[in-house]
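Protein chains in written order, with our numbering: chain X, 5 to 134; chain G, -3 to 414. Cβ atoms here follow ideal geometry from the backbone N, Cα and C, with glycine treated the same way. Model, not experiment: these values are computed from the prediction. See below for the structure under consideration.
And the structure:
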């Protein structure tokens, strides 16, 4: 499972909302969509794609806690710069190294310090021993 | 979507063959497998050896033979499990006359009725319809609805299980039940269309395929039930709405509102067909919601410019629609039409009455409509705030970008990019 992260600010930049960072242009958005489409299409064709999803921005999140036996539900707000899970891609492939290679394609080369995480889904952990 | 004539023919014949088999054997699940195998054999053999004289009869015969095998096996297993078989035994089945087009056309309709049975959840109804009548593979249906294939497989098998367990009859409903079932079919087709059309962002050929499939199925139902004005209304509504698709998305995937669309890019042939259908349907019988929506769509499509739109007529049609159902989105559209025909304050007053409707509480549409009307009325600050609120409520990227751009434009300074 390849985990992609983002902050509320990243979502704002995507949605064209004014922040202290410039909003993404329509061309940049179109290029990003094109990249994700081509990328996942290739994974679908090689048979390695299991599922890929984007998550809505943190302001739409609800946090559920239980206090004294009663559920307490709160909306955000989340700190603007705190990174949360923004999306994931699940692949089923030959090796952990292959998954890592795939993951590299999901890192934005133009974002300094950008990263994704790759974590084996527990079911398949014995496959990694060899 | 390039399709060979054989593929086209098979898509048309598949629901007829499945319907014929299910009618005779009453076993939806197994019949589907059998038809699937017959279709594969046809797709393999026909391009090479030529299409048989009676392709429908060929498919039904091959699928029936296969089904007989499958049922025998199943029957043996069920006998072992000491279960009572509900389906008719193959031996009790008599071959029908070769020439019976009308009945086979009915089979497709009855198959639609079965797939859209009210005992099934809307998600199952849609999945089964696309699978059994549309001929889409489970993987295709899954991708169209953006769910993993395993989820869609479960959804489809749950639907079939439910059909089996509840012993739903594969028979044409009659009287008022028939009207209800037809309404359910139309609703499912409408949902399929909306699912394809509401995708406003990004590349997504499969979603465009979904609107095309909804239109194809609506044409099919229209051919089977040509006398029903609501069937005609739904087909017209789809054609008239889909006609604007080429102008609806900008060069970079951005949403273009109807007032700013290049009307020269609308599909004139679809508009002409839709207008003709709805014009023919309206004077006949009871006017229903699909006909009214189609009539509204026709008024938009026929206006040479946004400014020339007949808003007074559209307002009147929304008023009739409001009288039929308590739908807050219809009320919202009505308020916008009122604003366009009688001035923004009149529309804003109507929107104020919707503020407490809990069904719109998290919906971006109410603040978006208010923002537009405030902007129209020159109240720039209020409009800007409302655009921002609408953008914050939306989870659709293209919609967010459109609303934020409107807000930026009202800020007085040009947006940072573009």
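Inter-segment contact for the segment 55 to 65 of chain X and the segment 111 to 127 of chain X is absent: fewer than three beta-carbon pairs are separated by less than 8 angstroms. Taking a beta-carbon distance threshold of 9 angstroms, residue 61 of chain X counts as an interface residue toward chain G. Runs of the alpha helix (DSSP H) lying entirely within the segment 248 to 326 of chain G and spanning at least 4 residues, in chain order: 264 to 277, 285 to 298, 307 to 320. Taking the Cβ atoms as the reference, residue 38 of chain G lies roughly 6 angstroms from residue 55 of chain G, within the contact range of under 8 angstroms.
Between the beta-carbon of residue 393 of chain G and that of residue 18 of chain X there is about 6 angstroms, and that keeps the pair under the 8 angstroms contact cut.
Note that the C-beta distance between residue 185 of chain G and residue 220 of chain G is not below 9 angstroms. Against chain X, the beta carbon of residue 388 of chain G has neighbours under 7 angstroms at 63, listed in chain order.
Burial is judged here by how many other beta carbons sit within 10 angstroms of a residue's own beta carbon; residue 68 of chain G has fewer than 16 and is exposed.
DSSP places residue 89 of chain X in the uninterrupted beta strand (DSSP E) bounded by 88 to 95. With respect to residue 123 of chain G, residue 151 of chain G sits close: the two C-beta atoms are nearer than 9 angstroms.
Residue 47 of chain G has no beta-bridge partner at all, per DSSP. Residue 20 of chain X belongs to the set of residues whose beta carbon lies under 9 angstroms from a beta carbon in chain G. Under the three-pair Cβ rule at 8 angstroms, the segment 235 to 252 of chain G counts as touching the segment 263 to 279 of chain G. Bounds of the alpha helix (DSSP H) holding residue 227 of chain G are 225 to 238. The Cβ atoms of residue 217 of chain G and residue 108 of chain G lie closer than 9 angstroms to each other. Judged by DSSP secondary structure, residue 9 of chain X falls within the beta strand (DSSP E) whose first and last residues are 6 to 10.
In the three-state reduction of the DSSP assignment, residue 126 of chain X falls in the helix class. Residue 72 of chain X sits in coil when the DSSP states are folded into three classes, being neither helix nor strand. Rounded to the nearest angstrom, the Cβ distance from residue 126 of chain G to residue 188 of chain G is 7 angstroms, consistent with a contact under 8 angstroms. Against chain G, the CB of residue 52 of chain X has no partner CB under 9 angstroms away; the residue lies outside that interface. For residue 400 of chain G, the closest Cβ of chain X is nearer than 9 angstroms. Taking 3 residues as the shortest admissible run, the segment -3 to 44 of chain G contains no complete beta strand (DSSP E) segment at all.
If the five residues before and after residue 145 of chain G are omitted, its C-beta is found closer than 7 angstroms to the C-beta atoms of 134, 135, 138, all from its own chain and listed in chain order. For the segment 315 to 389 of chain G, the continuous alpha helix (DSSP H) assignments of 4+ residues that do not extend past its boundaries occur at 324 to 338, 340 to 348, 361 to 372, 376 to 389, in sequence order.
For residue 130 of chain G, there is no enclosing beta strand (DSSP E), since its DSSP letter is neither H nor E. In terms of beta-carbon proximity, residue 31 of chain X lines the interface with chain G, with at least one pair separated by less than 9 angstroms.
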